[in-house]
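Student: Sending over a structure as structure tokens; questions will come in a sec.
Residue numbers (the working numbering): 650 to 1054.
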């Protein structure tokens, strides 16, 4: 597979946009206090971290495992080099099954029973236990923001950063905002004017689709929305309407398998696109096989994200990732972001290792709250966490863009 990679930078990401009104109550900081500090174990003991993943979720066994696999590969390579200040990193995993009940059970096991110093690369379909993580003051580093938790609670640090207050209420007074840089890029670089957004009738998918729709409208697009049933999606009907509407771009809020089926339906319907734009979850090395029955759609396939292309062999940090993950059957952008999340924890722990306090939850959290950007050796578009009292109307930002060829 060969990727053409472009970095598209906008002078200002126009109007950060309203996503949704979310439920939540504003909680005092004292509600997140831990009833007893967790200190570092003896120096000979390993540093214990937890990874929560929705492995056996309704979406499919492989849908959410990329960040976990990338993080585990990083820690394995780290341990082979002697760990952190001579201490191995011990990974405790938990599959929450994609349910809120299962997620709470994982949080209880890892945070309260296993006493992990941090969570890393969390990828949960329903992060119901997020408030418990915050109350225990356990830093959750480099998680995938599938739901609103990473814009709601302190101690939770999305791999993409956050500007929200994160005081127990989602976003700003229950409203989340997002940028429009992706839509501006395709409008400027490819003269696109009409876009379709395809989603499932499932809460996380529908919420993300609403953000995309509002971003497209803010950039002046004509927007067509297509929602299909999560269990029995009718992609043929969506494809027929996309053709009828003369759409230039198709965006989605669906999984990789669904994307492949959507592309097959669009090829069958004779849809001609400027770009089929998918999300970072579907940016994988299996595109050739996944889309083998939809060659026209595959050749119009683009992916956007906030991290360096996992196939960019010209970059030293990417080469290190790929060398350490040779044993994996496939490579994906989510694996690379999980690798970056593990690196983030490692840098935080190293900053604590030489101190009198040692590697504690509190010390790791202080590193995460530094007033500095973090890029994981250039693998991430520089990330930071700012607790802004109001959402900014404009902001300079970057987007990573890759096209299948």
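Note that beta-carbon positions come from the ideal geometry of N, C-alpha and C, so glycine has one too.
For the alpha helix (DSSP H) holding residue 724, just list the boundary residues, first then last.
Tutor: Residue mapping note: residue 724 aligns to position 75 of the chain shown, counting from 1. Segment 715-729, the alpha helix (DSSP H) holding residue 724.
Student: Between residue 695 and residue 786, what straight-line distance do the alpha-carbon atoms span, to the nearest angstrom?
Tutor: Sequence index remark: in the chain shown, residue 695 carries index 46 (1-based). Sequence index remark: in the chain shown, residue 786 carries index 137 (1-based). Roughly 20 Å separates the two Cα atoms.
Student: Excluding the five sequence neighbours on either side, which residues of its own chain have a C-beta within less than 6 Å of the C-beta of residue 683, listed in chain order?
Tutor: As a position in the chain shown, residue 683 is number 34, starting the count at 1. The pLDDT assigned to residue 683 is 42, lower than 50, so where the model puts this residue is not dependable; a value taken from the coordinates is nonetheless given after this. Within the same chain, residue 683 has close Cβ partners 785 and 786.
Student: What's the C-alpha gap between residue 616 and residue 1032?
Tutor: With the chain covering only 650 through 1054, there is no way to say anything about residue 616.
Student: How big is the Cα-Cα spacing for residue 596 and residue 701?
Tutor: Nothing about residue 596 can be read from this structure; the chain reaches only from 650 to 1054.
Student: Where DSSP assigns a beta bridge to residue 742, which residues make up the other side?
Tutor: Along the chain shown, one-based indexing puts residue 742 at 93. Looking at the DSSP assignment, residue 742 forms a beta bridge with 700.
Student: Within 10 angstroms of its Cβ, does residue 1042 collect 16 or more other Cβ (buried), or is it exposed?
Tutor: The residue labelled residue 1042 in the question sits at position 393 within the chain shown. Answer is exposed; the Cβ neighbour count stays below 16.
Student: Short of 8 Å in beta carbon distance, which residues of its chain neighbour residue 802, apart from the five on each side in sequence? Order them along the chain.
Tutor: Taking the chain shown and counting its residues from 1, the one referred to as residue 802 is at position 153. For residue 802, where only same-chain residues beyond five positions count, the Cβ hits under 8 Å are 681, 779, 780, 782, 783, 815 and 817.
Student: Check whether the Cβ atoms of residue 621 and residue 980 sit closer than 8 Å, and answer yes or no.
Tutor: This structure does not reach residue 621, given that the chain is present from 650 up to 1054, and the question cannot be answered.
Student: For the alpha helix (DSSP H) that residue 826 lies in, which residues bound it at each end?
Tutor: In the chain shown, counting from the first residue as 1, residue 826 sits at position 177. Premise fails: residue 826 lies in the beta strand (DSSP E), 824-827, not in any alpha helix (DSSP H).
Student: Among the residues of its own chain, which have a CB less than 7 Å from the CB of residue 624, if the five just before and after it don't count?
Tutor: With the chain represented from 650 up to 1054, any question about residue 624 goes unanswered, as that position is not in the structure.
Student: With DSSP collapsed to three states, give me the class of residue 995.
Tutor: Locating residue 995 in the chain shown gives position 346, counting from the first residue. The answer is helix: DSSP assigns residue 995 an H, G or I state.
Student: Got a sec? Which residues, its chain only, sit under 7 Å from residue 990 by beta carbon, not counting five neighbours each side?
Tutor: Translated into positions along the chain shown, residue 990 becomes position 341. 716, 720, 769, 770, 790, 791 and 808.
Student: Thinking residue 747 and residue 707 are a contact (beta carbons under 8 Å), I'd like their distance in whole angstroms, please.
Tutor: Residue numbering aside, residue 747 sits at position 98 when the chain shown is read from its first letter. Residue numbering aside, residue 707 sits at position 58 when the chain shown is read from its first letter. At roughly 6 Å, the Cβ-Cβ gap stays under 8 Å, so residue 747 and residue 707 are in contact.
Student: In this structure, what does DSSP give as the bridge partners for residue 975?
Tutor: Here residue 975 corresponds to residue number 326 of the chain shown, with the count starting at 1. Residue 975 pairs with nothing; no bridge assigned.
Student: Quick check: residue 908 and residue 916, are their CB atoms within less than 8 Å of each other?
Tutor: In the chain shown, counting from the first residue as 1, residue 908 sits at position 259. In the chain shown, counting from the first residue as 1, residue 916 sits at position 267. Contact flag unset, no.
Student: Output needed for residue 750: all residues of its chain with C-beta closer than 8 Å, excluding positions within five of it in sequence on either side, in chain order.
Tutor: As a first step, residue 750 is located in the chain shown; it is residue number 101 there, counting from the start. The answer, listed in chain order, is 777.
Student: Give every residue of the same chain whose Cβ lies closer than 7 Å to the Cβ of residue 1002, excluding the five residues on either side of it in the sequence, and list them in chain order.
Tutor: Here residue 1002 is taken as the residue at index 353 of the chain shown, counted from 1. Cβ within range, chain order: 733, 734 and 1008.
Student: Three Cβ pairs or more, each shorter than 8 Å: is that satisfied between the segment 852-871 and the segment 831-841?
Tutor: Yes: the two stretches touch, three or more of their Cβ pairs being nearer than 8 Å.
Student: DSSP state of residue 791, grouped into three classes?
Tutor: Numbered from 1 along the chain shown, position 142 holds the residue referred to as residue 791. Note: residue 791 maps to strand in three-state DSSP.
Student: Within the same chain, show all residues whose beta-carbon is closer than 7 Å to that of residue 743, passing over the 5 residues directly before and after it, in chain order.
Tutor: The count along the chain shown starts at 1 and reaches residue 743 at position 94. 699, 701, 755, 758 and 759.
Student: Can you confirm whether residue 794, when its beta carbon is compared against all beta carbons of chain D, has any partner nearer than 8 Å?
Tutor: The displayed structure is made up of one protein chain only, and chain D is not part of it.
Student: Counting only the same chain and skipping the five closest in sequence on each side, list residues whose C-beta sits under 6 Å from that of residue 945.
Tutor: Taking the chain shown and counting its residues from 1, the one referred to as residue 945 is at position 296. Taken in chain order, the residues that qualify are 916.
Student: In whole angstroms, give me the CA-to-CA distance for residue 961 and residue 985.
Tutor: For the purposes of this step, residue 961 is taken as residue 312 along the chain shown, with counting starting at 1. For the purposes of this step, residue 985 is taken as residue 336 along the chain shown, with counting starting at 1. Rounded to the nearest angstrom, the two C-alpha atoms are 11 Å apart.
Student: Please report the distance separating the alpha-carbon of residue 852 from that of residue 928.
Tutor: One-based indexing of the chain shown puts residue 852 at position 203. One-based indexing of the chain shown puts residue 928 at position 279. The alpha-carbon atoms of residue 852 and residue 928 are separated by roughly 17 Å.
Student: Identify every residue that forms a DSSP beta bridge with residue 898.
Tutor: In the chain shown, the residue the question calls residue 898 occupies position 249. Partner(s): 844 and 924.
Student: Give the single residue among 987, 1015 and 806 whose Cα lies nearest to the Cα of residue 999.
Tutor: Residue 999 sits at position 350 when you count from the first residue of the chain shown. Looking at the Cα atoms, 1015 is the closest of the given residues.
Student: Where do the ends of the beta strand (DSSP E) carrying residue 807 lie?
Tutor: For the purposes of this step, residue 807 is taken as the residue at position 158 of the chain shown. Note, residue 807: beta strand (DSSP E), 805-807.
Student: From residue 765 to residue 697, what distance separates their C-alpha atoms?
Tutor: Sequence index remark: in the chain shown, residue 765 carries index 116 (1-based). Sequence index remark: in the chain shown, residue 697 carries index 48 (1-based). So the alpha carbons of these two residues sit roughly 5 Å apart.
Student: State the Cα-Cα distance for the pair residue 941 and residue 932, rounded to the nearest angstrom.
Tutor: Locating residue 941 in the chain shown gives position 292, where the first residue counts as 1. Locating residue 932 in the chain shown gives position 283, where the first residue counts as 1. Between residue 941 and residue 932, the C-alpha separation is close to 15 Å.
Student: Where residue 763 and residue 740 are concerned, what is the direct C-alpha to C-alpha distance, given to the nearest angstrom?
Tutor: By one-based count along the chain shown, residue 763 stands at place 114. By one-based count along the chain shown, residue 740 stands at place 91. Looking at the two C-alpha atoms, the distance is approximately 10 Å.
Student: Taking Cβ positions, are residue 914 and residue 951 nearer each other than 8 Å?
Tutor: Here the question's residue 914 lines up with position 265 in the chain shown. Here the question's residue 951 lines up with position 302 in the chain shown. No, Cβ-Cβ distance for residue 914 and residue 951 is not below 8 Å.
Student: For residue 677, is the classification buried or exposed, using 16 other Cβ atoms within 10 angstroms of its Cβ as the cut-off for buried?
Tutor: By one-based count along the chain shown, residue 677 stands at place 28. Confidence at residue 677 is low in this model, with a pLDDT of 41, below 50, so the placement of that residue is unreliable and no value is reported for it.
Student: Determine the DSSP secondary structure at residue 768, reduced to helix, strand or coil.
Tutor: Counting from one through the chain shown, the residue named residue 768 turns up at place 119. Residue state, collapsed to three classes: strand.
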